[in-house]
Amino acid sequence: MAVLATRVLQYRSDSGAVKDVTLTVFAPRKTDQADWECGFQFSPPPNQRNIHVRGVDAIQALLSCLTVARSYIEHPTEERSSWRGMVHAGLPRFAEKPAAYQPPSIPPPEENPGGLEPLAVSTLGCPDETGRARELGLTVYKPFRADDGTWKCAFVLGSPLDEPVRHGTGEDFIEALLDGFALARATYEAMVPEGWEAPLSDAFLGPTFLPYKVGRSYGMEPSKDLDMPDFSMA
């Protein structure tokens, strides 16, 4: 399996000692069942088994993988894992959007420089002139380190050949990726009329399969589609 990203977390053991733990996330891949899976592994100890999480497409598999990874390392009653001083380890969790949620600021569009490496694509529903749902492509590109040392994750809503890109940012690959996904959701929700929802279908997914952002933390809303994989109890 190809390694997509790694992150070094800090974990406090039962003895109180704090040690570094490396999270390795593998690139999503299509399965023989026509869905997608994404794996992760924590080390040390060495030779830990890989945990695989599935989704209907590469984006859902990847986001579910990161969310399950947080559940895997979290202690049930104490805050023992952290990253950059954040007790949530910079990983998403399954939780309903807070009632007082305020969407993040949408980043300005920038000219597509070309040469960006697509990481995952999906399809959202968007209203046409009559209010009926039409397909709207979402392309998320592989995060890269900018000249100033920050990481950036470009995304496009619409045709990647015609539309400008916007960027999520972060201190590492994973944070930039989550920021890109969350800002793609915020951008999409600002594009459609308030309260409009595309009917559930195999043709496109709703925005709730993308994370929402509160400060530097990320949440994944549990699926309300009975036919959609739901890993919130993992």
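Convert by adding 17 to the 1-based position in the sequence shown; the result is the number in our numbering. Even glycine gets a Cβ: it sits at the ideal position worked out from N, Cα and C. These numbers were taken from a predicted model, which means no experiment stands behind them.
In the structure shown, M208 falls within a helical segment according to DSSP collapsed to helix, strand and coil. Taking one beta carbon from each stretch, the stretch 160-171 and the stretch 81-97 have fewer than 3 pairs nearer than 8 Å; the two do not touch. Where V85 is concerned, the enclosing alpha helix (DSSP H) starts and stops at A75 to I90. Rounded to the nearest whole angstrom, the C-alpha separation of H69 and P93 is 21 Å. V25 has T39 as its beta-bridge partners, per DSSP. As the crow flies, the alpha-carbon of G72 is around 18 Å from that of L108.
In the structure shown, E152 falls within a strand segment according to DSSP collapsed to helix, strand and coil. Look at the beta carbons and you see the stretch 169-187 touching the stretch 126-133: at least three pairs across the two are nearer than 8 Å. Note on geometry: alpha-carbon atoms of S99 and G33 lie some 14 Å from one another.
Per DSSP, P135 is one residue of the beta strand (DSSP E) stretching across P135 to P144.
Counting C-beta atoms within 10 angstroms of its own C-beta, M18 has fewer than 16 neighbours from the protein chains shown and is therefore classed as exposed.
By the C-beta density criterion, A215 is buried, having at least 16 other C-beta atoms within 10 angstroms. Around the CB of K114, fewer than 16 other CB atoms lie within 10 Å, so the residue is classed as exposed. By the Cβ neighbour-count rule, V42 is buried, with 16 or more other Cβ atoms within 10 Å of its own. Apart from sequence neighbours up to five positions away, the residues of its chain that approach W168 with a beta-carbon distance below 8 Å are P160, F161, R162, T186, G187, E188, D189, F190, E192 and A193, ordered along the chain.
For G142, the number of other beta carbons within 10 angstroms of its own is at least 16, and it is reported as buried.
Bridge pairing for G185: C170 [DSSP]. Measuring C-alpha to C-alpha distances from Q27 to each of L79, A117, P239 and H105 identifies H105 as the nearest. Between A199 and K230, the beta carbon gap of about 4 Å places them in contact (Cβ cut-off 8 Å).
The beta carbon of T48 sits closer than 8 Å to those of E54 and R71, all from its chain and outside the five residues before and after it, given in chain order. Residue nearest to E91 within the set S30, A171 and W213 is S30 (criterion: CA-CA distance).
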